[in-house]
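S.K.: Below you will find the structure I want to go over with you.
Residue numbers (the working numbering), protein chains in the order written: chain W, 155 to 476; chain C, 4 to 385.
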C-alpha cells in the first residue's frame, strides 16, 4: 500500500473492478458535460463577437459574472418576498438577469467598442480589457469581496443514481437548457433573414452594407444575444455550485475563450463542440491523471491543437484579408 | 517669549510626572519590565488588542498578589503593526529597553525577524500565535512558544480519526498551499507509521476552482470513512456539497481554516451540519478552573470573551515568564532560558499545562474537534 499511496489518485481509477470503472467513467462524463455546457454557452458570446467584429471581447466573462450576481440578487430580494412557486422564481430571475445583461452588453458596445471600430484591433482589445476591469471592480464594490452563495432553498436538490451513476436535476437542467439554447441559436443564424444578415456581416462589413444591411443593428443584435446567453450561464452556474465571487468571470472567461479557440473561433457549432470537449477533457484529466495537473493537461491539448490545426476543430481555413 | 516657553516646559514635565506617578509608588522597588510585542495597529489590530487585554489581566493579577520577587511587574508594549520591518524595530527597542523577557508575537513571518534579534541579544521571547514549524527548527535557544505547531494539529487529527472516529480508511485532500500541504503531510505521517488505519486517497486541489467532482469521484470509489481537508473554507464548502451530492458518506473533517460561518453559507446548512473541524479550543471552551476565572475577568472588563484562541496564549506566555522569574529567583535571561527549558514542568496555564521541549515548542497538543450543529453553531465534540 505504501508505494501506492503517493500516487493514489493516478492509480486509483485504473485499479477498480470493471463495472465500477465504467460507472466512474460515466459519472466523470456527466460532470464533464455539465461543466462543458456552461463553457459552451459562454464561449458562444466570444465566438459571435469575434465572428462579426474580429474582436476578442475580454469583458464577456464579466457579463457572465454579473449575470450570476443579478440572478442571486433577484432571488434573495424581490423574489424571496413573493409567493411564486420555485420554478417560476428561477425562470423570472434568469429572464430578468438576461434582459439586464443584454442591455448592459448593448451599452458597452455603444460606449466602449463602437467609437473604436475604425481604429486598430489592438485598441479595441485594450478597451475590452478596460471594460472587464471596470465591471469586476464595480461588482466587488456593489456585492463585496466576500463569497456570496445562492440560498439553499433556491436550488432543487433532486438526485438520481441509475445503475450507480449519480446525476442531479441541476445537471440535466444545465445540459438540457444549454443544448436547447445552442440549437435555437444555430437555427436562428442559419434559417432566418436576420441570421443571414449576421452571416453576411461576418463575412464582410462593407459588402453587407452595400446589400442594404444595417451593420450597426446587426452588431447590436450580437451584443444582445451573447451577453444574454452569458447571463443564463451565470445563473445556472450559481445554482449549480451555489458559491459566486466577483473573480469568477475571469477564470470561466478564460476557459470559455479556450473552448472557442479549441472549436474554431468565429464558428458557432465550434464553440459548442469546443466547450463540451474542454469540459470532458478537464474531468478525465482530473479523474485519470491528477486533479492538481488538470489545467496543465487541458492547455497542453490546446497548444498541440494550435500547432497542428491552428484554426480549431471546426474552423475553416480563411484567406487572410488584405 | 522665553518665559512662556519655559512655562510650557514646566507644565509638560509636571504632566509627565503626574502620569507616571502611579508607577513611582510601586517602584519604591524597581519594577520588573516584561515586553509585549503585538500587532496593536494594522491588519491584525483586533488580535493585537485582545492580546494586550489578556496580558494586562494576568499582569494585574501578579501585581495584586505582591508582584514577582517582591517587585511589581510592568508591561512594555511594542506595536509591530503586523509588519516584519516594524517587528525588527520593536525588537531592537525591547533590547535597548532592557526588558527581562518578551511576549510575542502573532504572525509567523512577523515573528521571524524579531526572534532573530532577541536571539542575538540573548533575550527570552515567547510567541503566542506563530504556528509555522520552521520557527523552532532554526536552533534558536531563546525562542519559545505557547501556541502549538501546525504539525501537532496533523497528529491530533490522526489520533482523533483512528481512535475516536474509528476510521479504517482515511482520505486526505490539501490545496497545495504551504499551510495546507504541511498540515496534510503532518496528518498522513502518523497514520502511515501506526498502521492502524490506511490512507486510501491523498491528492491536491487547486484553490479558486469550483468543480471538484472528478477528484471526489476517485476518492469515493476508495470508500473512505473520513475525509480530512486541510485547505480553506471557500473550497471546503464546495467540496462537502459536491461529495454529498455524489453520494459519498465519509465524515468530513476540516483543518482549522476550513469550517466557519462562510463554510456553512456556501455548503448550505443541510450539507454542512455534522461537519467536523480540528482546531485550537476557543477561550470559551477551555475547561480548567484557571481558564474559567480568567474568562470571567475578561468578560467583566471587556463585555465579551476573546473571539479567537490566540490572545489567551499570550496570557500564558506572560504567566510562563512570571513563573520562571519567581521559580528561578532571577531576571537574568540566561537563567530564565534554562529554567523554562528544564525546570518548568506542567505549569497550570490558562490553555492547559505548559512545558517546553528541547527546541522551545510547547509539549503536548491541545486541540478540539468542533462540530457544526443542525442549527449552524460550532460546538466542541466531547
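No residue lacks a Cβ here, since even glycine has one placed at the ideal position from N, Cα and C.
Label residue 231 of chain W either buried or exposed according to how many other C-beta atoms from any shown protein chain fall within 10 Å of its C-beta, with 16 as the threshold for buried.
M.R.: Counting Cβ neighbours within 10 Å, residue 231 of chain W comes out exposed, since fewer than 16 surround it.
S.K.: Does the beta-carbon distance from residue 413 of chain W to residue 204 of chain W come in below 8 Å?
M.R.: No; because the gap between Cβ atoms is not below 8 Å, this pair is not in contact.
S.K.: On the three-state DSSP scale, how would you describe residue 353 of chain C?
M.R.: Reduced to three states, the DSSP call for residue 353 of chain C is coil.
S.K.: Buried or exposed, going by whether 16 or more other CB atoms sit within 10 Å of the CB of residue 191 of chain C?
M.R.: When all chains shown are included, residue 191 of chain C counts as buried.
S.K.: Anything in chain W within Cβ reach of residue 208 of chain C, meaning under 8 Å, just list it in chain order.
M.R.: The contacting residues are 445 and 446.
S.K.: What does the alpha-carbon distance come out to for the pair residue 377 of chain C and residue 304 of chain C?
M.R.: Going from the Cα of residue 377 of chain C to the Cα of residue 304 of chain C covers about 33 Å.
S.K.: For residue 47 of chain C, which three-state DSSP category applies?
M.R.: Residue 47 of chain C falls in the coil class under three-state DSSP.
S.K.: Touching or not, the segment 327-345 of chain C and the segment 121-128 of chain C, by the rule of three or more beta carbon pairs under 8 Å?
M.R.: Cβ pair count under 8 Å is three or more, so yes.
S.K.: Would you kindly check if the distance between the Cβ of residue 185 of chain W and the Cβ of residue 217 of chain C is under 8 Å?
M.R.: Going by C-beta atoms, residue 217 of chain C is nearer than 8 Å to residue 185 of chain W.
S.K.: Please check the pair residue 143 of chain C and residue 118 of chain C, which I expect to be a contact at CB under 8 Å, by giving their CB distance rounded to whole angstroms.
M.R.: So it is a contact: roughly 6 Å between Cβ atoms.
S.K.: With DSSP as the reference, label residue 165 of chain W as helix, strand or coil.
M.R.: Residue placement at residue 165 of chain W is poorly supported in this model, since its pLDDT is 45, which falls under 50; the coordinates still yield a value, given next. Residue state, collapsed to three classes: helix.
S.K.: To the nearest angstrom, how far is the alpha carbon of residue 111 of chain C from that of residue 386 of chain W?
M.R.: Roughly 45 Å between the two C-alpha positions.
S.K.: Tell me whether residue 446 of chain W sits in a helix, a strand or coil according to DSSP, three-state version.
M.R.: Residue 446 of chain W: helix per DSSP, three-state reduction.
S.K.: Only counting runs of 4 or more residues, tell me where the alpha helix (DSSP H) segments fall wholly within the segment 41-90 of chain C, in order along the chain.
M.R.: Runs found: 48-67.
S.K.: With a threshold of 8 Å between beta-carbons, can residue 331 of chain C be considered close to chain W, or not?
M.R.: Answer no: the Cβ-Cβ gap between residue 331 of chain C and chain W never drops below 8 Å.
S.K.: Check whether chain C comes within 8 Å of residue 173 of chain W, counting only Cβ atoms and requiring the distance to be less than that.
M.R.: No, residue 173 of chain W does not count as interfacial toward chain C.
S.K.: Quick check: is the beta carbon of residue 290 of chain W nearer than 8 Å to any beta carbon in chain C?
M.R.: Not closer than 8 Å to any Cβ of chain C, the Cβ of residue 290 of chain W fails to qualify, so no.
S.K.: Where does residue 263 of chain W fall in DSSP's three states?
M.R.: Correct three-state label for residue 263 of chain W: helix.
S.K.: Are residue 298 of chain C and residue 354 of chain C close, meaning C-beta to C-beta below 8 Å?
M.R.: Not closer than 8 Å, so no.
S.K.: Residues of chain W with a CB under 7 Å from the CB of residue 217 of chain C: which are they?
M.R.: Here the neighbours are 182, 185, 437, 440, 441 and 445.
S.K.: Rounding to the nearest angstrom, what Cα-Cα distance links residue 44 of chain C and residue 308 of chain C in this structure?
M.R.: So the two alpha carbons sit approximately 20 Å from each other.
S.K.: Less than 6 Å between C-beta atoms, sequence neighbours within five positions excluded: which residues of the same chain meet that for residue 139 of chain C?
M.R.: Excluding positions up to five away in sequence, the list reads 362, 363 and 364.
S.K.: Determine the burial state of residue 341 of chain W: buried for a count of at least 16 other Cβ atoms within 10 Å of its Cβ, exposed for fewer.
M.R.: It counts as exposed.
S.K.: Looking at the unbroken alpha helix (DSSP H) that takes in residue 165 of chain C, where does it start and where does it end?
M.R.: It is not in any alpha helix (DSSP H) - residue 165 of chain C carries neither H nor E in the DSSP assignment.
S.K.: Taking 8 Å as the threshold (beta carbon to beta carbon), is residue 306 of chain W in contact with chain C?
M.R.: So yes, residue 306 of chain W belongs to the interface.
S.K.: Could you tell me which of W/420, W/217 and W/332 sits nearest to residue 188 of chain W, measuring between CA atoms?
M.R.: Cα-wise, what sits closest to residue 188 of chain W is W/332.
S.K.: Give me the residue from C/221, C/167 and C/130 with the minimum Cα distance to residue 174 of chain C.
M.R.: Answer by Cα proximity: C/221.
S.K.: Exposed or buried, what is residue 365 of chain W when buried is set at 16 or more other beta-carbons lying within 10 Å of its beta-carbon?
M.R.: Residue 365 of chain W comes out exposed.
S.K.: Where do the ends of the alpha helix (DSSP H) carrying residue 280 of chain C lie?
M.R.: Residue 280 of chain C -> not in any alpha helix (DSSP H); beta strand (DSSP E) instead, spanning 279-282.
S.K.: Taking the alpha-carbon of residue 51 of chain C as reference, which of C/84, C/67, C/76 and C/70 has the nearest alpha-carbon?
M.R.: Nearest of C/84, C/67, C/76 and C/70 to residue 51 of chain C, Cα basis: C/84.
S.K.: With contact counted as at least three CB pairs below 8 Å, one residue from each stretch, are the segment 278-297 of chain C and the segment 344-353 of chain C in contact?
M.R.: With a cut-off of 8 Å, the segment 344-353 of chain C and the segment 278-297 of chain C count as touching, because enough Cβ pairs lie within range.
S.K.: When the cut-off is 8 Å and only beta carbons count, does residue 286 of chain W lie next to chain C?
M.R.: Answer no: the Cβ-Cβ gap between residue 286 of chain W and chain C never drops below 8 Å.
S.K.: Compute the Euclidean distance between the alpha carbons of residue 308 of chain W and residue 249 of chain C, then round it to the nearest angstrom.
M.R.: Going by the C-alpha atoms only, they are around 19 Å apart.
S.K.: Kindly give me the distance between the Cβ atoms of residue 243 of chain C and residue 278 of chain C, rounded to whole angstroms, as I take these residues to be in contact under 8 Å.
M.R.: 6 Å between Cβ atoms; contact.
S.K.: Grab me the residues of residue 347 of chain C's own chain with a C-beta within less than 8 Å of its C-beta, minus the 5 sequence neighbours each way, in chain order.
M.R.: Correct list, in chain order: 323, 326, 327, 330, 357, 358 and 359.
S.K.: Just checking residue 348 of chain W against the ligand SAH - is the residue's beta carbon closer than 7 Å to any of the ligand's heavy atoms?
M.R.: Judged by which ligands are present, the structure shown has none, so any question about the ligand SAH falls away.
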